[in-house]
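Numbering (my numbering), first residue to last: 3 to 259.
Each residue gets a CB set at the ideal place from its N, CA and C atoms; glycine is no exception.
Just so it is clear, the structure is predicted and the values come from calculations on it, not from any experiment.
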C-alpha cells in the first residue's frame, strides 16, 4: 500500500518497492490463492451442501475468515462452524458445551471479518481522499479502518450480544454491544495496526494493487486475530460478548479451558 499521495511521493514509493524481496511475490500469490480457495470451500459447504448457519451473519464471517486464515479457517469451520447448521445438528444430534478457549476462538472471527471488510473499503477511500496526518495518510488509514471496523462489529454484536437479547433497557444493550466491538477492535489493532506501522517505517509497504500488499495484510489480520484473542476471552467471561451459536463443540482436548 502506498502511504503517499502526491507525484513527488510516487518516486519514493518506487524505492519502497525495491525493499520488498522478489521472492515474496510468488509466495504472496500462493497464500492469496490458498485463502480464496479456502473461502470457496466454505461457501460451497454452506450454500451448495446446504449447511446453512442458524446465525446468518456467520455465513459471511466464515468465508471472510478463510480469506486470511486459509486452511486453519477450514479446520475451525469444520470443527466449530458447522455445528451452527440445523442440518449438521439433525445429522449429529445434540452437541456438548464447548470450552472457553474455543468460544474465544470463534468469538474473534467476527472482529477479523469486520477488519477485513474495513480494509477493502477504507484503503481506496483514504488514498483517494488525500487526507494526511503528520504528512502521511497511514494514521488516517489506521483510524478510519478502526472506526469502520468498530461500526461493523457493533452491528454484529447488536444481534449477538446476550445483553441485547435480554429484557434490559435499550441503552444498556447498545452499551454492551458497543463495548464488545470497541474492545475487540482496539485489541485487534495492536497486532494489525502495529504491523502496518512496522511495514511503513520499514519501507516495506507495497502499492495496494500489488499482490504482496494483500498477502502482508493477511499476515496483519492473523496478528490482529492473535492480539484480540485475550480481549474476546475476557468479554465472554464477563458475559458482555456471546460467541456465535455456531460455536457449540469442544475444539481442543486436554484439561482446563
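Review point. From 83, 38 and 135, pick the residue whose C-alpha is nearest to that of residue 1; which is it?
Key: Summary: the structure shown does not reach residue 1, with the chain confined to residues 3 through 259, and so no result is reported for it.
Using three-state DSSP, classify residue 75 as helix, strand or coil.
DSSP places residue 75 in helix when its eight states are reduced to three.
What is the rounded straight-line gap between the Cα of residue 197 and the Cα of residue 124? Taking the CA atoms as reference points, residue 197 sits about 17 angstroms from residue 124.
In whole angstroms, what is the alpha-carbon distance linking residue 160 and residue 117?
Cα-Cα distance, rounded: 17 angstroms.
Residues near residue 258 by beta carbon distance below 7 angstroms, same chain, minus five either side: Because residue 258 sits at a pLDDT of 40, beneath the cut-off of 50, its placement in the model cannot be relied upon, and the point is left open.
Okay, do the segment 192-210 and the segment 223-238 touch, 3+ Cβ pairs below 8 angstroms being the bar? Touching, yes, given that three or more Cβ pairs across the two stretches are closer than 8 angstroms.
Quick one: what does DSSP say residue 22 is sitting in, helix, strand or coil?
-> Coil.
ask   = How about residue 41 and residue 66: do their beta carbons lie closer than 9 angstroms?
value = In contact: residue 41 and residue 66 (Cβ atoms closer than 9 angstroms).
Flag this pair as touching only if the segment 232-247 and the segment 100-110 have three or more C-beta atom pairs under 8 angstroms; answer yes or no.
Yes: at least three Cβ pairs fall under 8 angstroms.
query: Excluding the five sequence neighbours on either side, which residues of its own chain have a C-beta within less than 7 angstroms of the C-beta of residue 181, listed in chain order?
result: Here the set comprises 242.
(Q) Measuring CB atoms only, is the segment 202-210 touching the segment 151-160, in the sense that at least three cross pairs come out at less than 8 angstroms? (A) The way I'd put it, the segment 202-210 doesn't touch the segment 151-160; fewer than three beta-carbon pairs between them come closer than 8 angstroms.
>> Buried or exposed for residue 104, going by 16 or more other Cβ atoms inside 10 Å?
In response: Label assigned to residue 104: buried.
Worksheet item: Any idea what DSSP makes of residue 138, helix, strand or coil?
Response: In the three-state DSSP reduction, residue 138 falls in the strand class (E or B).
For residue 79, which residues in the same chain have their Cβ closer than 6 angstroms to its Cβ, ignoring the five residues on either side in sequence?
Closer than 6 angstroms at the Cβ level, and outside the excluded window around residue 79, lie 44 and 64.
Spatial neighbours of residue 69 within its chain, please: CB distance less than 6 angstroms, with the 5 preceding and 5 following residues excluded, ordered by chain position. Excluding residues within five positions, the ones whose Cβ falls inside 6 angstroms are 37 and 41.
- Task: Evaluate residue 53 with the Cβ neighbour count: other Cβ atoms within 10 Å of its Cβ, from every protein chain shown; 16 or more gives buried, anything less gives exposed.
- Result: The residue is buried, with at least 16 neighbouring Cβ atoms inside 10 Å.
Residue closest to residue 240, alpha-carbon to alpha-carbon, out of 51, 139, 179 and 122: Of the candidates 51, 139, 179 and 122, the one whose C-alpha sits nearest the C-alpha of residue 240 is 179.
Residue nearest to residue 126 in terms of C-alpha spacing, selected from 136, 114 and 140: Cα-wise, what sits closest to residue 126 is 140.
* Mark residue 135 as exposed unless 16 or more other C-beta atoms lie within 10 angstroms of its C-beta, in which case mark it buried. => Within 10 angstroms of the beta-carbon of residue 135 lie fewer than 16 other beta-carbons, which makes it exposed.
Please check the pair residue 34 and residue 115, which I expect to be a contact at CB under 8 angstroms, by giving their CB distance rounded to whole angstroms. 17 angstroms between Cβ atoms; not a contact.
Q) CB residue 21 to CB residue 132, shorter than 9 angstroms? A) 9 angstroms or more divides the Cβ of residue 21 from the Cβ of residue 132.
- request: Can you have a look at residue 95 and say buried or exposed, based on whether 16 or more other CB atoms are within 10 angstroms of its CB?
  value: With fewer than 16 Cβ atoms within 10 Å of its Cβ, residue 95 is classed as exposed.
Q: Find out if the Cβ-Cβ distance for the pair residue 148, residue 130 is shorter than 9 angstroms.
A: No, Cβ-Cβ distance for residue 148 and residue 130 is not below 9 angstroms.
Worksheet item: Can you tell which of 39, 77, 113 and 71 has the C-alpha that lies nearest to the C-alpha of residue 59?
Response: Taking residue 59 as reference, the option from 39, 77, 113 and 71 with the minimal CA-CA separation is 113.
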